[in-house]
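Participant:
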Amino acid sequence: MSSQPPFPAHGPALLSVGGAVAGGEVVAPLSPTVSLGAHPNPRGSSQGPGLGQVEHIHYLSEHIGALFLDDEYSDVTFVVRGQRFEAHRVILAARSEYFRALLFGGMIESKLKEIELKDTSLPAFRFLLRYIYTGQMNLGNLKDDLIVDILGLAHQYGFQDLETAISDYLKAILNIHNVCFIYDTASLYQLDQLKSSCCLYMDRHAQEIIKHDAFNTLTASGIRDVISRDSFCAPEVEIFQAVHKWVQANPAEDSSQILAAVRLSLMSTSDLLKVVRPSNLVPPDAMLDAIESRSDSRDMELKYRGYLIPEENVAQPRHDSQVLIGEVKQALLDGDTKNYDMERGFSRHPIDDIQDKGIVVRLGMQCIINHVRMLLWDRDSRAYSYFIEVSMDQEDWIRVVDHSKFLCRSWQDLYFAPRVVRYIRIVGTHNTVNKVFHLVSFECYYTKKPFQLDEQGIVIPRQNVATIPKSACVIEGVCRTRNALLNGETSQYDWDSGYTCHQLGSGSIVVQLGQPYALSSMKLLLWDCDNRSYSYYIEVSINQRDWEVVCDRSRVNCKSWQTISFPRRPVVFIKIVGTHNTANEVFHCVHFECFEDDQSAIEADKTQGKALVSASASPSRSNSASGSSSSNGSSPRNPRGATGVVNEDDASSSNRANSGQWPPGYDQAARLTSPDLPGQVPQMAGASQNRRGPNSTSGAVARPLARPANAMDHFYLPPQAEVEGQNENRERAAQGLGAVSRQRPTPKDMDPLV
46 MSSQPPFPAH
56 GPALLSVGGA
66 VAGGEVVAPL
76 SPTVSLGAHP
86 NPRGSSQGPG
96 LGQVEHIHYL
106 SEHIGALFLD
116 DEYSDVTFVV
126 RGQRFEAHRV
136 ILAARSEYFR
146 ALLFGGMIES
156 KLKEIELKDT
166 SLPAFRFLLR
176 YIYTGQMNLG
186 NLKDDLIVDI
196 LGLAHQYGFQ
206 DLETAISDYL
216 KAILNIHNVC
226 FIYDTASLYQ
236 LDQLKSSCCL
246 YMDRHAQEII
256 KHDAFNTLTA
266 SGIRDVISRD
276 SFCAPEVEIF
286 QAVHKWVQAN
296 PAEDSSQILA
306 AVRLSLMSTS
316 DLLKVVRPSN
326 LVPPDAMLDA
336 IESRSDSRDM
346 ELKYRGYLIP
356 EENVAQPRHD
366 SQVLIGEVKQ
376 ALLDGDTKNY
386 DMERGFSRHP
396 IDDIQDKGIV
406 VRLGMQCIIN
416 HVRMLLWDRD
426 SRAYSYFIEV
436 SMDQEDWIRV
446 VDHSKFLCRS
456 WQDLYFAPRV
466 VRYIRIVGTH
476 NTVNKVFHLV
486 SFECYYTKKP
496 FQLDEQGIVI
506 PRQNVATIPK
516 SACVIEGVCR
526 TRNALLNGET
536 SQYDWDSGYT
546 CHQLGSGSIV
556 VQLGQPYALS
566 SMKLLLWDCD
576 NRSYSYYIEV
586 SINQRDWEVV
596 CDRSRVNCKS
606 WQTISFPRRP
616 VVFIKIVGTH
626 NTANEVFHCV
636 HFECFEDDQS
646 AIEADKTQGK
656 ALVSASASPS
666 RSNSASGSSS
676 SNGSSPRNPR
686 GATGVVNEDD
696 ASSSNRANSG
706 QWPPGYDQAA
716 RLTSPDLPGQ
726 VPQMAGASQN
736 RRGPNSTSGA
746 VARPLARPAN
756 AMDHFYLPPQ
766 AEVEGQNENR
776 ERAAQGLGAV
786 SRQRPTPKDM
796 DPLV
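Heads up: take any position in the sequence shown, counting from 1, add 45, and you land on this note's numbering.
Here you go:
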């Protein structure tokens, strides 16, 4: 039968007979009707069934439902607690694997006309049998204990859809009175989602739960599992008192495992002596150990309980969170991540060598968190270093994020092992422009999303992090559109646009990630609109001073897509240095991405015949750009995804005339230093270049990479335009005329701030 909706009222030969289900209720049968006319939906229309299709599913449901408890055609009888239920084998077998095996699987019951079901709730079986025939059940009119009995039968007989529907309903009606009962039921039938919902509800109402009589109905394993959770947050002395009442209500149960889950070290000495000792449930040695642990251990080493609110920012005023220390406190937690500039919209603190200052946030309650998201001031290209510490008493601090050796910018997505915290301190240690740490927004969460960290606590990304949403940017290189290298576009590029480049022998393409990532793989797309090939090498750094080579393909001719794998290491800056181009004196790259290595990347690397490259000093470059061959660019475009390496013989055969070569002196984009934040004298530097030669082993000159937000990218004439200019000048020279100057605009011409 088609699952499409029935014919519309104006369709030809529309018949409507019998009852239909609407909103969980049976609608009175309609009289047979016939409506003739042009069908509004032609054959194949998505608005309804095509011409010639008939759908009377509701009739089928009604007619099968009429067989419920109808003994006229029944061929099997179930006996439940003395009451007989007439049924039909084929319907039961069609609806359930359990009944299919019971009635047609060769078991002894398959030959019996009457089958007794022991240990089965009579009302629950009646409702289940009705559901088998009609597909309907109104849970809203049933009591909780009956619903749980039906859930048990649905689980036993394999009605997974019904089991899921009942679980969803129970999640919606959880309250103080029934949550313990439903929790034990979910544990019994291994309904993990329902059990998780019960735990979350009990976590949020822990103090009410432990004072309710229903708490005493939990099984021994249930109460142990509940109070063992870090997120079951209530005063420990009250948890102990609730356990004491449970022991008195269940004297036959073994309480040793339950008492072991009570965290005596979180209780004061007074509570241990006045509440715990008179109960005679805890031996004196255990109480002495708890007192010793509390006095000798660091405060953050105690196993605190905290509130768990998954996927919700708990550092906001509606949770009573506030900034205790820091300048312009009100700006940090207001949630405004758009309206900020050099004078407003951020909190700050001065950076000094002692590093005892910072911005301190107090949460409204002690919470379990494992994720911090914050926005560093990013109206220019300055970078910051910082670390984050957490505490429960504002005395003992534990460092959970340490980016004091890395240069970071804009949005920071930080992860760490879950911790119970009340205070969070963000301490800036470096600013590439001045001595102030600026923080625009701060959020903290407990996230269930999977993440992976290396041994230094650096995030190992499973997706590309060299993207604009991840705060990556191109800080060196020439392009028509800023960050064209990172915009994800891998098809819309040509001779004029869609690539980033630098002159061979001078400069490079440098990408700065928003924060350090532990990387082991990269991919880049070389410009491949003709048959030219490139050579290059890649270096990485965490501070833009110390560089390591992770890929050396300076003596290999490469085309199109490139996959690079290397031993995992923290990376902030990636420098791509072209050393050879068979067509001209410029290295062109269309797209770049980086991510954690996986099997597919390794296989792709093997396919291209490249081995893993270990860290080393910058390689010597004997095959500089001056020895490269030229191409006229007239050969067919290299197919996307073609093999990235060609033979030297192939490269020599691709030499072309000199007409397509870009002129020497094609320099890289200027890097501009932008105004400081308030309190600093605005400064502006002219164009500067990193003249790192291919034979040099020294790193690039470290300099602030700040840039005005409204500064324009350095535009250059496209390749074809320059070629045309050269050809025109040759023709003019042949005629004895002077050359026409096609001077490229300089940063001073293009930048309105200069």
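Glycine is no exception: its CB is placed at the ideal position from the N, C-alpha and C atoms.
1) Find the nearest neighbour of V485 within the set W422, R464, K450 and T122, judged by alpha-carbon distance.
2) Identify every run of the beta strand (DSSP E) within the stretch 380 to 418, keeping only runs that are complete inside it and at least 3 residues long; order them along the chain.
3) Can you grab the Cα-Cα spacing for the pair S580 / W592, in whole Å?
4) For E161, which residues of its own chain have a beta-carbon under 6 Å away from its beta-carbon, when the five flanking residues on both sides are left out?
5) Kindly confirm or deny that the stretch 467 to 474 and the stretch 431 to 443 touch, where touching means at least three C-beta pairs closer than 8 Å.
6) Does P362 pass the burial test, meaning 16 or more other C-beta atoms within 10 Å, or should it be called exposed?
7) Reducing DSSP to helix, strand and coil, say where V574 ends up.
8) Can you tell me which of the three DSSP states K188 falls into?
9) Should the stretch 524 to 532 be called in touch with the stretch 449 to 464, which here means at least 3 C-beta pairs below 8 Å?
10) Determine whether the beta carbon atoms of V307 and I272 lie at a separation below 8 Å.
11) Would F130 and A138 qualify as a contact pair, given that the criterion is a beta-carbon distance under 8 Å?
12) If distances are taken between C-alpha atoms only, which option among G473, N186, L569 and A360 comes closest to I413?
13) Work out the CA separation of K240 and H200 for me, nearest whole Å.
14) Could you give the residue range of the alpha helix (DSSP H) that holds S241?
15) If the criterion is Cβ atoms closer than 8 Å, does the pair L569 and C524 meet it?
16) If you draw a straight line from the alpha carbon of A517 to that of R424, how long is it in whole angstroms?
17) As a quick exercise: from G203, C639, C603 and E208, pick the residue whose alpha carbon is nearest that of I192.
18) Contact defined as beta carbons within less than 8 Å: I believe C639 pairs with I621. What is the distance between those atoms, to the nearest angstrom?
19) Give me the Cα-Cα distance between A259 and A111, rounded to the nearest whole angstrom.
20) From what residue to what residue does the alpha helix (DSSP H) around V135 run?
21) For R343, which option in D575, W572, S310 and L369 has the closest C-alpha, if you only look at C-alpha atoms?
22) Report back the beta-carbon spacing between M437 and Y349 to the nearest angstrom; my notes put them in contact at under 8 Å.
23) Roughly how many angstroms lie between the CA atoms of N509 and G522, to the nearest whole one?
24) Enumerate in chain order the residues of its own chain whose CB-to-CB distance from D229 is below 6 Å, with the five nearest sequence positions on each side excluded.
25) So what does V193 bridge to, in DSSP terms?
26) At 4 residues or longer, what runs of the alpha helix (DSSP H) sit wholly inside the stretch 277 to 342?
27) Taking DSSP as the reference, what is the three-state secondary structure of T165?
28) From R393 to I505, what does the alpha carbon distance come to, in whole angstroms?
29) Tell me which residues share the same chain as M567 and place their Cβ nearer than 6 Å to its Cβ, disregarding the 5 neighbours each side in the sequence.
30) Under the rule that 16 or more other beta-carbon atoms within 10 Å means buried, what is Q706, buried or exposed?
31) Does DSSP put Q367 in a helix, a strand or coil?
Facilitator: So, from the data block:
1) W422
2) 392 to 395
3) 19 Å
4) V124
5) yes
6) exposed
7) In the sequence as displayed, the identity of residue 574 is Cys instead of Val. DSSP places C574 in coil when its eight states are reduced to three.
8) coil
9) no
10) yes
11) no
12) A360
13) 15 Å
14) D237 to R249
15) no
16) 14 Å
17) E208
18) C639 to I621, Cβ: 11 Å. No contact.
19) 42 Å
20) R134 to R140
21) S310
22) 6 Å
23) 21 Å
24) T264 and G267
25) None; V193 has no bridge partner.
26) 281 to 294, 301 to 305 and 329 to 341
27) coil
28) 29 Å
29) I609 and C639
30) For Q706, the predicted model reports a pLDDT of 35, less than 50, meaning its position is unreliable and no value from the coordinates is stated.
31) strand
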